[in-house]
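Notes to accompany the following structure.
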């Protein structure tokens, strides 16, 4: 599968999101543009844009005069987000089955193969759970799989709705 080229903002967003999901940035943590910029090797502009995007998606709280903080979603909010995402992703799969292009089918096969490689490595190394490298590889393959399915659904409104429910 060809490499996915992403903008600096997209890379910053993915890296911050990875730290949020992994718990490396727990709820209540203040996000410093300077520190994230140094950690990711990016300028502050894409970090700022990524923080704005993640705030609009509900991952961060913006406090005037103080900056961005990791949001602590409550159980109800998480349940509602996952319920919506599940319903919309099922629709995306139904549409994708009818509309998928050969290139997209090849991308899906590549993502599934990458996920299989991660599982095989975890089993081979007898890990009780994913280590950081395995977790990152899994997340990247999973993200690519979901993005390909959404693209194959060929429905911009559906893609927009799913994008707003980043869970």
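Numbering (our numbering), first residue to last: 465 to 631.
In this text, a Cβ means the ideal position worked out from N, Cα and C, and glycines have one as well.
Counting along the chain, the unbroken alpha helix (DSSP H) around residue 574 starts and ends at 566-588. Secondary structure note for residue 532: its beta strand (DSSP E) is the uninterrupted segment 531-534.
Taking 7 Å as the cut-off, the beta carbon of residue 495 is found closer than this to the beta carbon of residue 532. The beta-bridge partner set that DSSP reports for residue 494 consists of 533. By the CB criterion at 7 Å, residue 609 and residue 575 fall inside the cutoff. Around the beta carbon of residue 584, fewer than 16 other beta carbons lie within 10 angstroms, which makes this residue exposed. About 18 Å separates the beta carbon of residue 552 from that of residue 523, a gap too long to meet the 8 Å contact definition. Sorting 565, 623, 539 and 476 by C-alpha distance to the C-alpha of residue 502 places 476 at the top. If you ignore the 5 residues before and after residue 578, its C-beta comes within less than 6 Å of the C-beta of 605, all in its own chain and listed in chain order.
Under DSSP, residue 526 shares a beta bridge with 532.
Taking residue 613 as reference, the option from 572, 598 and 597 with the minimal CA-CA separation is 572. Contact between the region 550-569 and the region 613-627 is established, with three or more Cβ pairs separated by less than 8 Å. Between the alpha carbons of residue 515 and residue 580 lies a distance of about 32 Å.
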